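Following: one structure in structure tokens, then a few remarks.
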Amino acid sequence: MWKPQALSRLQNESPTERLREAPSEPVSIDRIAQMAREARATVYVVFGSRAGLFEAVGADLLQRGGFERILQAAAHPDACEGLRDEIRGIVEMYASHRDVLRVLSSMALLDAAAVGGAIQRMEQGRSSGMAHRVQRVADQGMLRPDVTADQAADLLWLLTSFDSFDLLYTGRALSVDRVAKTLMMTAERSLCR
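Mapping of the sequence shown onto UniProt numbering: residues 1 to 193, in sequence order.
And the structure:
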């Protein structure tokens, strides 16, 4: 039986600590196991593969970053209000793990296999979430008449990306609140009646 502390170290602490301490170096399973004070084989028994480890890390980042709030926002009865809440939740999630997400995003661009496809799966989820959001806005008659659903989905894809967040948060040194308000205002003015 696995001890919860060992699983937590393997899934959460060791990989994110490794990414923070040496962001430009490849993440080795050996080093993760060493940091977690577990055998290398334990990583494979628990996660099945390197990809499985990164999948678990990605899921943990979402969960600890407040993904539940984003899901609640997606269910808001007013589609435009839900859009604002969803963008705020995404910004807060990105901010809570900015350094690790920057490393993972950069690694995924250079070599998707390096992070086991975890970022691509997260992005696929974001893409379908944005398409759903646009459909809800359109269904409520709140989508601007001069904007197609495809254009709206493309714009939300851009505005809810980690890179859009990071350009404002790191590049412009804006607060989390100001980043959220900037992205919400842009989305609302561009998409909603």
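We put the beta carbon where it would ideally sit given N, CA and C, even for glycine. All values reported here derive from a predicted model rather than from experimental measurement.
ask   = Between which two residues does the alpha helix (DSSP H) harbouring residue 120 extend?
value = 118-139
ask   = Under three-state DSSP, which class holds residue 101?
value = Helix at residue 101.
inquiry  = Quick check on residue 139: buried or exposed, where buried means 16 or more other Cβ atoms within 10 Å of its Cβ?
reply    = Within a 10 Å sphere around the beta-carbon of residue 139 sit fewer than 16 other beta-carbons, which makes this residue exposed.
Residue 53 to residue 47 span [Cα, whole Å] = Going by the C-alpha atoms only, they are around 5 angstroms apart.
request  = Please work out which residues of its chain come closer than 8 angstroms, Cβ to Cβ, to residue 163, disregarding the five sequence neighbours upstream and downstream, and give them in chain order.
outcome  = 105
query = Helix, strand or coil for residue 174 per DSSP?
reply = Residue 174: coil per DSSP, three-state reduction.
ask   = Considering only C-alpha positions, which residue in the set 44, 70 and 25 is nearest to residue 125?
value = 70
ask   = Three or more beta-carbon pairs under 8 angstroms between the stretch 73-84 and the stretch 167-176, yes or no?
value = no
key: Whether residue 85 touches residue 73 by CB criterion (8 angstroms)   = yes
ask   = Quick one: Cα of residue 158 to Cα of residue 97, how far?
value = Between residue 158 and residue 97, the C-alpha separation is close to 19 angstroms.
key: Residues near residue 20 by beta carbon distance below 6 angstroms, same chain, minus five either side   = 99
ask   = From residue 135 to residue 165, what distance separates their C-alpha atoms?
value = 23 angstroms
task = Give a yes or no on whether the C-beta atoms belonging to residue 168 and residue 191 are separated by under 8 angstroms.
result = no
ask   = So residue 180 packs on residue 87, CB below 8 angstroms; how close in whole Å?
value = 6 angstroms
query = Between which two residues does the alpha helix (DSSP H) containing residue 42 stretch?
reply = 40-47
key: Distance between residue 90 and residue 76 (C-alpha atoms, nearest Å)   = 15 angstroms
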